[in-house]
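Residue numbers (full-length UniProt numbering): 1 to 597.
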């Protein structure tokens, strides 16, 4: 590698070689870039010094073995010994996704240990494993959303070579890999980009402060910095998809949104590589502009998260109405989510205090929307990081799983959900700077002083200290739970549902036009909703009895349905007016008698 760095306002830039202490002057060009002829082989440590200042890591550093404040290290990705030459890839739409956090998925907390556990996901029926961010951040422990390097891999996870090994193992098992990447901000410690150039701008602001510079002077280089990093994961690390964090905070008033630029370049790379590449956006806008093609003014991504589906389902089964759940929890709201995706689709949002969203156009593929019953946000951003299994019984967890996995969307599971883990997923950090650590701890306590948490938990909330290592330790999955009878039963149920989704076309379809929801019970409830739900999926039905009594639901006449999977007791009573009878808390999937289930 030959050194090259963008520093448009610097009067002098030196390449610093820590092994010898040498400083080699670089030469400027007319575009603010500085470069040199020194050849830096794989494994060489280096840094840049601006105007005789201290050595700083490369903004495009591929390897930070000594942490975010240390020198960069040259990485030759051609040296990876890949064995996945036969991997054809897959499109994420309609697949079963599985989100995991490398540091807590196994006791070891490394990519190699996570790779060793991937056969469990294959057994479950997962198609795509989604890694929470692996970019370097300050300290050994964290969620990864405070990363400061778009091109590198957190060293405690094993560094870049470990990520390559993980992807290679996954592909060998038939699993695609989606990497969560954060382009909307950089973390508060170890971010030296501002010393090099206008990577941020005060023309826009985000919840983290100044926005990434996407439309002001110098933005063309910053946009390339983002797009090139994304292409690199897909090309050099063989990653199949990227989950794009909070894209509504990519403030871009230019003539072409950076996501449209990224989508078009990823499409070109996909054509070059001959395998599908996917982009999935997390967006709070309730607007399909994200998945609309770029040639009609959209952003062109493959899919987007749809949080309203989670909120509608979670609020209905738990009875929670605090915070952003205030407009959710009613049976008609769940129907709107399952048939129209967005609950707020040009309607008033009480939580936001304004009209929000737009309707999903007719004919939109439901597989464009990634939905969940749990994810890192919906669990970890609770005051105690508690799982639904803390409040819901096994019957309700099973019902929730069936509605999620047999929905017309792209379902995503969160680590341990499949066996009903009781392990929390709490917010944790490990900033070495005591002042920053103290500010994070105090901020977390202040954030959860309201939002109805006291009422929900039945008393004052002792918010776990993010900086306390015990908070992290509590969040490490207890994989031994899977063998316990109750957990093992739920795990078997998840496997059965995933298999049904794959084998029965109606249950795997993304056609929203043949999806509907009926209910026998109240429209609304003050707490958890009780009644019978019937989810129509083409000719198939998913029937859920959320009561402690035997209940029944009518079935269409003239098209016999068989029980394909049942949690609890269930039977079909044929006749002129066929019905399905469910025992207390039972859930059943019914498919046409001729279907191969």
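Note that the Cβ used here is the ideal one computed from N, Cα and C, for glycine as well.
For this session: Using the DSSP secondary-structure output, state which residues sit across from residue 212 in a beta bridge.
Result: Working through the chain shown from its first residue, we reach residue 212 at position 212. Bridge partners of residue 212: 200.
For this session: Have a look at 11, 94, 194, 52 and flag the residue whose alpha-carbon is nearest the alpha-carbon of residue 501.
Result: The residue you call residue 501 lines up with position 501 of the chain shown. Of 11, 94, 194, 52, the residue nearest in Cα terms is 94.
Problem set entry | Beta-ladder partner(s) of residue 412, from DSSP | Within the chain shown, the letter at position 412 stands for residue 412. Answer is 97, 372, bridged to residue 412.
Exercise. DSSP three-state call for residue 46: helix, strand or coil?
Worked result: By 1-based counting over the chain shown, the position of residue 46 is 46. Residue 46: strand per DSSP, three-state reduction.
Problem set entry | Sequence-distant residues of its chain with Cβ nearer than 7 angstroms to residue 596 (five each side left out) | Taking the first residue of the chain shown as 1, we reach residue 596 at position 596. At residue 596, the pLDDT of 49 sits below 50, so the modelled position is not reliable; the number obtained from the coordinates is stated separately. So the qualifying residues of the chain are 503.
For this session: Report buried or exposed for residue 193, applying the criterion of at least 16 other Cβ atoms within 10 angstroms of its Cβ.
Result: For the purposes of this step, residue 193 is taken as residue 193 along the chain shown, with counting starting at 1. By the neighbour-count rule (16 or more Cβ atoms within 10 Å), residue 193 is buried.
For this session: Can you have a look at residue 85 and say buried or exposed, based on whether 16 or more other CB atoms are within 10 angstroms of its CB?
Result: As a first step, residue 85 must be located in the chain shown, where it is residue number 85. So residue 85 ends up on the exposed side.
Exercise. Could you check where the alpha helix (DSSP H) with residue 170 kicks off and where it finishes?
Worked result: By one-based count along the chain shown, residue 170 stands at place 170. Looking at the DSSP string, the run of the alpha helix (DSSP H) that includes residue 170 is 159-172.
Exercise. Which residue comes first and which comes last in the beta strand (DSSP E) that contains residue 304?
Worked result: Mapped onto the chain shown, residue 304 falls at position 304. Taken as a continuous stretch (DSSP letters only), the beta strand (DSSP E) holding residue 304 covers 303-305.
Exercise. Thinking C-alpha only, which one of 539, 433, 5 is nearest residue 137?
Worked result: The residue given as residue 137 occupies position 137 in the chain shown. Nearest option by C-alpha distance: 433.
Problem set entry | Rounded separation between residue 268 and residue 71 - CA only | Counting from 1 along the chain shown, the entry for residue 268 is found at position 268. Counting from 1 along the chain shown, the entry for residue 71 is found at position 71. Roughly 34 angstroms between the two C-alpha positions.
Exercise. Would residue 464 pass as a contact of residue 454 if the rule is Cβ separation under 7 angstroms?
Worked result: Taking the chain shown and counting its residues from 1, the one referred to as residue 464 is at position 464. Taking the chain shown and counting its residues from 1, the one referred to as residue 454 is at position 454. Contact: no.
For this session: Going by DSSP, name the residue or residues bridged to residue 536.
Result: Within the chain shown, residue 536 is the residue found at index 536, counting from 1. Per DSSP, 516, 541.
For this session: Kindly indicate which three-state DSSP category residue 389 falls into: helix, strand or coil?
Result: Along the chain shown, read from residue 1 onward, the residue named residue 389 stands at position 389. Here residue 389 sits in helix by DSSP.
Exercise. Around the Cβ of residue 374, are there at least 16 other Cβ atoms within 10 angstroms (buried) or fewer (exposed)?
Worked result: Reading the chain shown from its first residue, position 374 is the one you call residue 374. The residue in question, residue 374, is buried, as its Cβ has 16 or more Cβ neighbours within 10 Å.
Exercise. Whose C-beta lies closer than 8 angstroms to the C-beta of residue 600 among residues of the same chain, with five residues either side of it excluded?
Worked result: Coverage of the chain is limited to positions 1 through 597, which leaves residue 600 absent and any answer about it impossible.
Problem set entry | Pick from 189, 197, 568 that is closest to residue 430, judged by C-alpha positions | Walking along the chain shown from the start, residue 430 turns up at place 430. Nearest of 189, 197, 568 to residue 430, Cα basis: 189.
Problem set entry | Close beta carbons around residue 178, own chain, < 6 angstroms, minus the five adjacent residues each side | On the chain shown, position 178 is the one that residue 178 refers to. Only 128, 130, 241, 243 meet the Cβ criterion.
Problem set entry | Same chain only: Cβ atoms within 7 angstroms of residue 208, ignoring 5 sequence neighbours per side | Against the chain shown, residue 208 aligns to sequence position 208. These residues qualify, in order along the chain: 185.
For this session: For residue 587, name the three-state secondary structure that DSSP assigns.
Result: Position 587 of the chain shown, counting from 1, holds the residue named residue 587. It is a strand residue.
Exercise. When DSSP labels each residue in this structure, what does residue 249 get in the three-state scheme?
Worked result: The count along the chain shown starts at 1 and reaches residue 249 at position 249. Looking at residue 249 - three-state DSSP - the assignment turns out to be helix.
Exercise. What is the DSSP secondary structure of residue 595, reduced to helix, strand or coil?
Worked result: As a working note, residue 595 is residue 595 in the chain shown. Because residue 595 sits at a pLDDT of 46, beneath the cut-off of 50, its placement in the model cannot be relied upon, and the point is left open.
Exercise. So, are the CB atoms of residue 122 and residue 111 less than 7 angstroms apart?
Worked result: Start at 1 with the first residue of the chain shown, and residue 122 comes out as number 122. Start at 1 with the first residue of the chain shown, and residue 111 comes out as number 111. No; because the gap between Cβ atoms is not below 7 angstroms, this pair is not in contact.
For this session: State the Cα-Cα distance for the pair residue 443 and residue 437, rounded to the nearest angstrom.
Result: Taking the chain shown and counting its residues from 1, the one referred to as residue 443 is at position 443. Taking the chain shown and counting its residues from 1, the one referred to as residue 437 is at position 437. Their Cα atoms are separated by approximately 10 angstroms.
Exercise. Among 234, 200, 515, 213, which has the Cα closest to the Cα of residue 181?
Worked result: By one-based count along the chain shown, residue 181 stands at place 181. Considering only alpha carbons, the answer is 234.
Exercise. Out of curiosity, what's the CA-to-CA distance linking residue 586 and residue 150?
Worked result: For the purposes of this step, residue 586 is identified with residue 586 of the chain shown, where counting begins at 1. For the purposes of this step, residue 150 is identified with residue 150 of the chain shown, where counting begins at 1. Rounded to the nearest angstrom, the two C-alpha atoms are 47 angstroms apart.
Exercise. Closest to residue 238 by CA distance: which of 277, 62, 289 is it?
Worked result: Position 238 of the chain shown, counted from the start, is the residue given in the question as residue 238. That would be 277, whose Cα lies nearest to the Cα of residue 238.
Exercise. According to the neighbour-count rule (16 or more other Cβ atoms, all chains shown, within 10 Å of its Cβ), is residue 296 buried or exposed?
Worked result: Taking the first residue of the chain shown as position 1, residue 296 is located at position 296. Residue 296 is exposed by the Cβ-count criterion.
Problem set entry | Status (buried if at least 16 other CB within 10 Å, exposed otherwise) for residue 524 | Position 524 of the chain shown, counted from the start, is the residue given in the question as residue 524. Under this definition residue 524 is an exposed residue.
Problem set entry | Short Cβ contact (7 angstroms threshold) for residue 222 with residue 213 | By one-based count along the chain shown, residue 222 stands at place 222. By one-based count along the chain shown, residue 213 stands at place 213. Result yes, Cβ atoms of residue 222 and residue 213 sit closer than 7 angstroms.
Problem set entry | Cβ neighbour criterion (16 or more within 10 Å) applied to residue 118 | By 1-based counting over the chain shown, the position of residue 118 is 118. Buried, since its Cβ has 16 or more Cβ neighbours within 10 Å.
Exercise. Quick one: any contact between the region 405-412 and the region 359-371, if contact means 3 or more CB pairs under 8 angstroms?
Worked result: yes
For this session: Determine the closest residue to residue 41 out of 79, 27, 24, 8, with distance taken between C-alpha atoms.
Result: The residue you call residue 41 lines up with position 41 of the chain shown. Checked all of 79, 27, 24, 8; the closest Cα to residue 41 is 79.
Exercise. Grouping DSSP H, G and I as helix and E and B as strand, with all else coil, what is residue 192?
Worked result: Here residue 192 corresponds to residue number 192 of the chain shown, with the count starting at 1. Correct three-state label for residue 192: coil.
Exercise. Should residue 456 be listed as close to the ligand FMN, given that the test is whether its C-beta is under 6 angstroms from any heavy atom?
Worked result: Ligands displayed in this structure: none; no statement on the ligand FMN is therefore possible.
Problem set entry | Spatial distance of residue 64 from residue 154 (CA atoms) | Walking along the chain shown from the start, residue 64 turns up at place 64. Walking along the chain shown from the start, residue 154 turns up at place 154. Roughly 8 angstroms between the two C-alpha positions.
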